[in-house]
Each structure stands twice: as C-alpha cells, then as structure tokens.
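Enquirer: Numbering (my numbering), first residue to last: 4 to 332.
C-beta atoms are modelled at their ideal positions from N, C-alpha and C, and glycine is treated no differently.
#1: Residue 228: which of 182, 326, 222, 207 sits nearest, CA to CA?
#2: Can you grab the Cα-Cα spacing for the pair residue 304 / residue 63, in whole Å?
#3: Give me the Cβ distance between residue 166 and residue 30, rounded to the nearest whole Å; I'm assuming they're in contact under 8 angstroms.
#4: Taking just the CA atoms, how far does residue 147 sit from residue 333?
#5: Tell me which residues share the same chain as residue 69 and place their Cβ nearer than 7 angstroms to its Cβ, disregarding the 5 neighbours each side in the sequence.
#6: Have a look at residue 4 and residue 240 and give me their C-alpha separation to the nearest angstrom.
#7: Under a three-way DSSP split, which group does residue 75 fall into?
#8: Under DSSP, the beta strand (DSSP E) around residue 304 begins and ends at which residues?
#9: Does DSSP classify residue 323 as helix, strand or coil?
#10: In three-state DSSP terms, what is residue 262?
#11: Around the Cβ of residue 261, are there at least 16 other Cβ atoms within 10 angstroms (buried) or fewer (exposed)?
#12: In the DSSP assignment, what are the bridge partners of residue 126?
#13: Using the Cα positions of residue 271 and residue 263, report the straight-line distance between them to the nearest angstrom.
#14: Cutting at 6 angstroms between CB atoms, please list the residues of its own chain near residue 136, excluding the five before and the five after it.
#15: Applying the 10 Å Cβ sphere with the 16-neighbour rule, what's the burial state of residue 287?
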C-alpha cells in the first residue's frame, strides 16, 4: 500500500466533485488488500480501495443540481446503468453493467477528491456524522436483506456472523418486530455488542456447537430466518424457513446440504448488495432504528491508513468497523 499524488479531477455532465470525508473498511477491501482478488474479481493494476464513504460536494458539473454544492452526502457505491431491463424494473443491484466503487477496475474512495454521478448521493442532515454517513452502505444492505426475508411479528431469527453487516441486520430485524434474536459469532466482544443491540441470546461458536445450541434454545424447532454473514446456516433453519446468505464466502464459494434444504422446504436467498435502500437506511438512522456510531470501533487519520488493514484483517484490538478519516468535516 502506498500514497501517491494525482490531479484534482473535473466533474463531467451530471457529475459532482466530492471531497472525501470518512471511509469505512469492509471485508472486501481487506480481501483485495491481502489476496488481490475476490472470486473472479482480480486486482490486475494499482487500485484505490474503499466503497463505504461520506463526502462533501465541492463542485457540480453540467446538468447536476447546483444546490448540492457544500452538502455532505452518503454515497451509493454501485453505479448501475439505469437502462437495462433489470434496472428498469428496480433490480439495480444485479445490473450486469454496474461499476462498483473500489472493485477492479474501478478506483474507490481512499483519496482526497473524486468525481461521482450526482444521482447516486444521499444528502446527510446535520444530525448524522461523517462516520455514520459512511456506515450507511452496510446499513442499506441490512435493509435489503430484511426486505427479502419479510419477517412477521414474533418470528425467530438467527444472525450468523456479528460483523458490521450482521449487527446491522440484527438492528433491522429487531425493528421489524421479530421475537427471538439469536446471534452467533466466534468473538466475544462482537457478541457483547449484539446483546447491546437487542439479541435475546448469543452463542460463541468456538465454545458451543451452534446447531445443538440453537436447537436447545428453541426446543429443537430451530428458527424461522437465518441471516448468514459468516459461514453457517442451513442446519439452523426450521421447516419452511428462510436462509439469507449475505456475506462473501471464503474463496468465493459456498456449500450447503441440498438434502436438508429439500426435506425442510427451505427458501435460500443470495443477498446481492443493497436494492435502492440507501435513502431508507438514512431515514431509519435518523429515526434511531440504527446506532451507526457504535458500529465504528476504530478511527484513524488518512496518514495512518496503512495501519488499519492488518488490524482489521487480523481482528485485533476488538475491532468491529475501522474508519479512515480522509478529512475532518
């Protein structure tokens, strides 16, 4: 990882010039840094990482709303074409021509200035900090995941993996009115935070067998919904349950028992990023549904960005979400 100088860009038609404020470090950033790839997405040339970020609009290009100048914004990192059949029906998260910030070959937000299409921004009110604005991207994923699940009041849920996305799903599921909320992880400090966010039960998978533990808590029934952001799910789902795979599987592949899924009549969803939920996530954040500030465990100035990646990759110092402050607002 290295710093380099580049010229400040000029916004084109319907674009804005952004001054980047805060950038959250995601597991995908860590995988690109450590392994140089996620599945078939391979880093083949120097790449600027970072896709969870807030920024300030400093200039607008032709056709962009000039009232955006000076506003702080959260940024939707997936720039969809808005013209294909999937985008036209609202499925922008599966646009085949999407350009995703910080994913090869598209540079990300760990830089002082960048241009961006104006339509993919959400203006932040004064009550939302720069760091919270950067966390909106995983919050939007959580909203989309719970949308897919459509939980009914008092149904039971397991959250497998209590990183930032899993903890965000936990908060969204709680707001949707689910009953029992079981959080599973291998790190005690993340399970403690899950309890603070409303988990009714926590299971450390390093000390307990997760299937036996969930069965014990539910009188062998298991749960109606399983959100997996780590690596376990099918065996925790009750008959006619739903399994939602949210995280990036190690090595880009995931395996599960087709026989158990068939016998129990499970519905399995693959959650692809967020689906037009950034503004809803912001509204929920403003209403207090989400506590984004407590997801951020570490904050670093831009000059110390190189220290963030090994800390987060190795789960050091009770890290949950590490934030790089490119510029203080």
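Expert: According to the structure data:
#1: 182
#2: Roughly 27 angstroms between the two C-alpha positions.
#3: Contact holds; Cβ gap of about 7 angstroms.
#4: Look at the range of the chain in this structure, 4 to 332, and you will see that residue 333 is not part of it.
#5: Same-chain partners within the cutoff: 63.
#6: 42 angstroms
#7: strand
#8: 299-304
#9: coil
#10: Helix, per DSSP.
#11: exposed
#12: 76
#13: Rounded to the nearest angstrom, the gap between the Cα atoms of residue 271 and residue 263 is 12 angstroms.
#14: 57, 77, 127
#15: Buried, since its Cβ has 16 or more Cβ neighbours within 10 Å.
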